[in-house]
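Scroll down for the structure; my scribbles are underneath it.
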């Protein structure tokens, strides 16, 4: 039954594989045998609990909602509101410290490409060599979260690192970034581990792959970039998601405040 529910989430609800599995893990043991009343009772137990974050409660809402729909049960509750935390980007000086500690050609090409394109971590790790056009200076991003391919420009700095990295490769692995030992695409776990290593060498607080994406977007806006262009580059389906980088940019807020603050 669990496999049937997974196929329901993937096929009927059009959810990504990782999203489907995440929702299933929100459900307790024996959930497939629970009655309609027990599922509703469990839902309100989560809502009333102080042990769960607002995002966890939001995920649990949809896990139970879709399970009820799958089993033909009624579920008419509105999802709980989510407390949105500020996105964490990296200060430029810390970026320089990280880059200064990278000696591996693959890691330098990967991190520079990430910093200058803002791709989702899963997107950059899924890149194939054929998705890269260094002559035109573009990357074709496929298998995206929004199910739409998109073209992303690439800066000359990561292009130089990519050319050097690709020129030294003697393998026939189709993945752009891969594990030399296993000859398989680089995993997100391996990417996190590499970043953790370089942060430790640089003597700075640990950063995540997603923070590199946020850093690109923050710097793009701070440098006067157009929000609509950033929306296209980032692959956002909703402009409000992109506008968040404007509202959360502390330096822009401070500059705007100092420029426009009234004097009495």
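In the working numbering, the protein residues as written are 698 to 961.
Idealized CB from N, CA, C, for every residue including glycine.
Short Cβ contact (9 Å threshold) for residue i with residue j
i	j	result
residue 762	residue 733	no
residue 824	residue 892	no
Euclidean distance between Cα positions of residue i and residue j
i	j	result
residue 855	residue 881	22 Å
residue 717	residue 760	9 Å
residue 730	residue 908	41 Å
residue 847	residue 929	8 Å
residue 927	residue 917	8 Å
residue 879	residue 820	20 Å
residue 773	residue 728	19 Å
residue 712	residue 706	6 Å
residue 778	residue 750	11 Å
residue 952	residue 814	25 Å
residue 798	residue 902	14 Å
Run of the beta strand (DSSP E) containing residue i, from where it starts to where it stops
i	result
residue 847	847-850
Range of the contiguous alpha helix (DSSP H) that encloses residue i
i	result
residue 877	Element bounds for residue 877: n/a, residue is neither H nor E.
residue 743	733-745
residue 918	906-919
When the options are compared against residue i, the one with the closest alpha-carbon
i	options	result
residue 818	858, 750, 918 and 887	887
residue 865	893, 922, 802 and 904	802
residue 816	906, 699, 938 and 950	906
residue 789	709, 920, 726 and 740	920
residue 967	740, 699 and 737	Lying outside 698 to 961, the shown extent of the chain, residue 967 is not represented and no answer is given.
residue 780	739, 836, 862 and 754	754
Cβ-Cβ separation, residue j to residue i (assumed contact under 8 Å), whole Å
i	j	result
residue 915	residue 942	6 Å
residue 964	residue 828	The requested residue 964 does not occur in the structure, where the chain is confined to residues 698 to 961.
residue 899	residue 794	4 Å
residue 875	residue 883	6 Å
residue 702	residue 764	7 Å
Distance cut-off 8 Å: residue i Cβ against heavy atoms of the ligand HEM
i	result
residue 849	Judged by which ligands are present, the structure shown has none, so any question about the ligand HEM falls away.
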